[in-house]
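J.:
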Amino acid sequence: MTDSIPISKDVLEEIFDETGFNPNNLSIRETNRLATLISKKGNLEFVRMEM
280 MTDSIPISKD VLEEIFDETG FNPNNLSIRE TNRLATLISK KGNLEFVRME M
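Okay, here's the thing in structure tokens:
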């Protein structure tokens, strides 16, 4: 899963453990929250687009 993104597996596991999110079935709100957490813990920025 982490081969194509620059964030460690440990950080992702920590986020999923904290939130209880299922990475195979995320809602739009969960995806937004996940992007926010990855940005903070992984020191990455995401482009956010609203419709």
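Following the numbering used here, the numbering of the sequence shown begins with 280 at its first residue and continues without gaps. Where is the CB? At the ideal position from N, CA and C, for every residue including glycine.
Leu313 and Leu323 look like a contact to me (Cβ under 8 Å); what is the Cβ gap, rounded to whole Å?
T.: Your numbering for residue 313 matches position 34 in the sequence shown. Your numbering for residue 323 matches position 44 in the sequence shown. Not quite, the Cβ-Cβ distance comes to about 12 Å (not below 8 Å), so this is no contact.
J.: Ile284: buried (16+ other C-beta within 10 angstroms of its C-beta) or exposed?
T.: Position 5 of the sequence shown, counted from the first residue, corresponds to residue 284. It is exposed - the Cβ of Ile284 has fewer than 16 other Cβ atoms within 10 Å.
J.: Tell me whether the beta-carbon of Phe300 lies closer than 8 Å to the beta-carbon of Glu309.
T.: Your numbering for residue 300 matches position 21 in the sequence shown. Your numbering for residue 309 matches position 30 in the sequence shown. Yes, the Cβ-Cβ distance between Phe300 and Glu309 is below 8 Å.
J.: Which residues bound the alpha helix (DSSP H) around Ile286?
T.: Walking along the sequence shown from the start, residue 286 turns up at place 7. No alpha helix (DSSP H) holds Ile286; DSSP gives it neither H nor E.
J.: Consult DSSP for Leu313 and reduce its assignment to one of helix, strand or coil.
T.: Residue mapping note: residue 313 aligns to position 34 of the sequence shown, counting from 1. Three-state result, Leu313: helix.
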